[in-house]
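At position 8 of the sequence shown (counting the first as 1) the number is 8 in my numbering, and the numbers step up by one without a gap. Where a beta carbon is used, it is the ideal one built from N, C-alpha and C, also for glycine. On a predicted model such as this, the values are computed, not experimentally measured, just so you know.
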Amino acid sequence: MQLNPYLSFNGQCEAAFKFYEQCLGGKIVAMLTYGSSPMADQTPPEWRDKIMHARLMVEDEILMGSDSPPEHYEQTNGMSVSLGIDNPEDAERIFHALAENGTVRMPIQTTFWATRFGMLVDQFGTPWMINCE
Numbered sequence: 001m002q003l004n005p006y007l008s009f010n011g012q013c014e015a016a017f018k019f020y021e022q023c024l025g026g027k028i029v030a031m032l033t034y035g036s037s038p039m040a041d042q043t044p045p046e047w048r049d050k051i052m053h054a055r056l057m058v059e060d061e062i063l064m065g066s067d068s069p070p071e072h073y074e075q076t077n078g079m080s081v082s083l084g085i086d087n088p089e090d091a092e093r094i095f096h097a098l099a100e101n102g103t104v105r106m107p108i109q110t111t112f113w114a115t116r117f118g119m120l121v122d123q124f125g126t127p128w129m130i131n132c133e
C-alpha cells in the first residue's frame, strides 16, 4: 500500500508545485492541464490552463495535487502535510522556505519530542508540519 497526500488548489496548483519542487528539492514528473485532457472541450476557456493532475517526486515520496473547479474547491482544513526530516539544518531550511509569504503557526524550535518542530501554512493555503526527531 502507498499513502500519498493529494492537495487541492483554487487555480494555483502549477505555481504551488513549482514552489514545492524548489523548497523540497524534488522533481515534477507530471503536470496535466484540463486543456490537454480528453475533457478539454467540456472545460471553460479560462480554466484550460489550470492543472488537472500534478505529481511531484521527492526522493521516494510522492505529492500530488490539482486545481479544483471553483464550485468544488474547499480550503484545506483539519489536516497538515507532515515532513519527517533527518537533519536539523535541512528542517530549518525547508521550514523557512515553505513559510515564505505564508503564516507560521508554531516557529521551528526544540520540543520534548524533536530536535526541531514547526508548523506553518504556506502561501497557497497548505498546512505543513516539519519534524526532525
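Per DSSP, reduced to three states, the secondary structure at Glu21 is helical. For Pro5, the secondary structure class from DSSP, reduced to helix, strand or coil, is coil. The region 121-132 makes no contact with the region 47-59; the number of CB pairs closer than 8 Å stays below 3. A distance below 9 Å separates the beta carbons of Gly26 and Leu63. About 5 Å separates the Cβ atoms of His53 and Leu32, confirming a contact at the 8 Å cut-off.
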